[in-house]
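Working notes, structure below.
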Amino acid sequence: MPIEFTAEQDSLSIIGLILNASFLVQLVMLLLLLASVVSWFMIDRKRTAYKRLTRIADAFESQFWSGGEMHNIYRDWSGQDAPGARGRLVGRREDPEGIVNIFIAGYSEYNRLRAKPNVSRADTVDGVQRSMRVALSREVDHLETHLSFLATVGSTSPYIGLFGTVWGIMNSFRSVGVLQQVTIASVAPGISEALIATAMGLFAAIPAVIAYNSFAHTAERLTNRYEVFMEEFLSIVNRQDPAKTSS
18 MPIEFTAEQD
28 SLSIIGLILN
38 ASFLVQLVML
48 LLLLASVVSW
58 FMIDRKRTAY
68 KRLTRIADAF
78 ESQFWSGGEM
88 HNIYRDWSGQ
98 DAPGARGRLV
108 GRREDPEGIV
118 NIFIAGYSEY
128 NRLRAKPNVS
138 RADTVDGVQR
148 SMRVALSREV
158 DHLETHLSFL
168 ATVGSTSPYI
178 GLFGTVWGIM
188 NSFRSVGVLQ
198 QVTIASVAPG
208 ISEALIATAM
218 GLFAAIPAVI
228 AYNSFAHTAE
238 RLTNRYEVFM
248 EEFLSIVNRQ
258 DPAKTSS
């Protein structure tokens with residue numbers, strides 16, 4: 018069968034191809050578009066959250082390692098006085114999160130145990146460690162929120178787009194089978210809509226993969242930073258004189 022090149026292929030437009038695509042291919046394109054929009058929304062939120070958590074960690078550690086009193090640091094960052102400490106309430110500089118929550122959990126448990134009689138230093142350290150571990154686990158979960166969605170979009174979008182490609186090409190060749198004379202114009206729309214599905218799959222997948230790799234590295238770095246601080250804080254607690262009070 019001869020193949021004729023016509024000028025009709027010049028009139029093809031992306032919007033026209035999408036509107037004239039088969040229902041299944043349109044559904045695939047819509048799914049990929051939604052996945053791309055949601056992933057970009059998640060990317061923006063996670064980037065903002067990681068910047069904020071890094072800024073909080075920098076400011077908190079700068080104050081913590083400057084040699085100030087712990088109950089003053091607790092009061093500054095939690096917005097309330099530590100148990101057993103005297104002082105007026107001060108406004109929080111921002112809602113506690115990240116490394117601050119780990120410190121608050123550890124220091125609150127430390128003061129609670131020291132207020133009890135006959136609590137050994139080892140029991141105090143174990144109690145503080147358990148509290149900080151729970152807080153650390155919550156913060157790690159917060160760091161990893163939505164990362165699985167980005168990983169899913171990055172890994173599945175090309176295959177979803179490929180499915181639309183296969184379906185579009187299949188429809189194109191099926192329509193060719195009933196024609197007596199095949200032209201480029203008769204097969205171009207089906208093939209073009211198939212390629213658009215592939216392109217949309219890659220458009221959704223590439224940013225999601227790049228963002229996931231970047232965010233996973235940032236989350237791991239912050240997690241290591243939290244764990245190092247927790248170990249340092251436990252060392253400080255272990256060196257404290259049980260006879261001291263926080264006031």
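Residue numbers for the sequence shown follow the working numbering, beginning at 18 and rising by one.
We put the beta carbon where it would ideally sit given N, CA and C, even for glycine.
Taking 7 Å as the threshold (C-beta atoms), are Ala139 and Ser278 in contact? Outside the displayed span of the chain (18 to 264) sits residue 278, for which this structure offers no information.
Residue range of the alpha helix (DSSP H) that His88 falls in? Taking the sequence shown and counting its residues from 1, the one referred to as residue 88 is at position 71. Element bounds for His88: 87-95.
Collapsed DSSP secondary structure at Asp158 in the structure displayed: Here the question's residue 158 lines up with position 141 in the sequence shown. In the structure shown, Asp158 sits in a helix (DSSP, three-state: H, G or I).
Please report the straight-line C-alpha distance between Asp158 and Leu51, rounded to a whole angstrom. Counting from one through the sequence shown, the residue named residue 158 turns up at place 141. Counting from one through the sequence shown, the residue named residue 51 turns up at place 34. Taking the straight line joining both Cα atoms gives about 25 Å.
Between Asn37 and Met187, what straight-line distance do the alpha-carbon atoms span, to the nearest angstrom? Within the sequence shown, the letter at position 20 stands for residue 37. Within the sequence shown, the letter at position 170 stands for residue 187. Approximately 15 Å between the Cα atoms of the pair.
Contact the region 163-174 vs the region 122-129: 3+ CB pairs below 8 Å: no
If you follow the alpha helix (DSSP H) that Trp57 is in, where does it begin and where does it stop? What you label residue 57 is simply residue 40 of the sequence shown in a count that begins at 1. Looking at the DSSP string, the run of the alpha helix (DSSP H) that includes Trp57 is 40-81.
Separation of Ala236 from Gly104, as counted between CA atoms: As a working note, residue 104 is residue 87 in the sequence shown. As a working note, residue 236 is residue 219 in the sequence shown. At Gly104 the pLDDT is 41, less than 50, meaning the model places this residue with poor confidence; the figure from the coordinates comes in the next sentence. Cα to Cα, Gly104 sits roughly 36 Å from Ala236.
Quick check on DSSP: helix, strand or coil for His234? On the sequence shown, position 217 is the one that residue 234 refers to. Here His234 sits in helix by DSSP.
Would Arg215 pass as a contact of Thr169 if the rule is Cβ separation under 7 Å? Here the question's residue 215 lines up with position 198 in the sequence shown. Here the question's residue 169 lines up with position 152 in the sequence shown. Per the sequence shown, the amino acid found at residue 215 is Thr instead of Arg. Going by C-beta atoms, Thr215 is not nearer than 7 Å to Thr169.
Buried or exposed: where does Ser189 fall if 16 or more other Cβ atoms within 10 Å of its Cβ makes it buried? Your numbering for residue 189 matches position 172 in the sequence shown. Buried, by the Cβ-count rule.
Between Leu179, Glu161, Ser53, which lies nearest to Asn13 when the distance is taken from Cα to Cα? Lying before the first or after the last residue shown, residue 13 is absent from the chain, which here runs from 18 to 264.
Residue environment, Val145, which counts as buried when at least 16 other CB atoms sit within 10 Å: Locating residue 145 in the sequence shown gives position 128, where the first residue counts as 1. Classification for Val145: buried.
Can you tell which of Thr141, Phe40, Leu153, Ser56 has its C-alpha closest to the C-alpha of Gly218? Numbered from its first residue, the sequence shown carries residue 218 at position 201. Per the Cα distances, Ser56.
Return yes when the Cβ of Phe81 is within less than 7 Å of the Cβ of Ile90, no when it is not. Sequence index remark: in the sequence shown, residue 90 carries index 73 (1-based). Sequence index remark: in the sequence shown, residue 81 carries index 64 (1-based). Yes, the Cβ-Cβ distance between Ile90 and Phe81 is below 7 Å.
Hey, quick one: how far does the alpha helix (DSSP H) through Val136 stretch, first residue to last? In the sequence shown, counting from the first residue as 1, residue 136 sits at position 119. From DSSP, Val136 is part of no alpha helix (DSSP H); its letter is neither H nor E.
By how many angstroms is the C-alpha of Ala225 removed from the C-alpha of Val45? Reading the sequence shown from its first residue, position 28 is the one you call residue 45. Reading the sequence shown from its first residue, position 208 is the one you call residue 225. One C-alpha to the other measures close to 18 Å.
Please return the same chain residues whose Cβ sits closer than 7 Å to the Cβ of Ala152, not counting the five positions on each side in sequence. Here residue 152 refers to the residue found at position 135 when the sequence shown is read from its first residue. Closer than 7 Å at the Cβ level, and outside the excluded window around Ala152, lie Asn118, Ile119, Ala122.
At the level of alpha carbons, what is the spacing between Ser39 and Leu179? In the sequence shown, residue 39 corresponds to position 22, counting from 1. In the sequence shown, residue 179 corresponds to position 162, counting from 1. Each residue's alpha carbon lies about 15 Å from the other.
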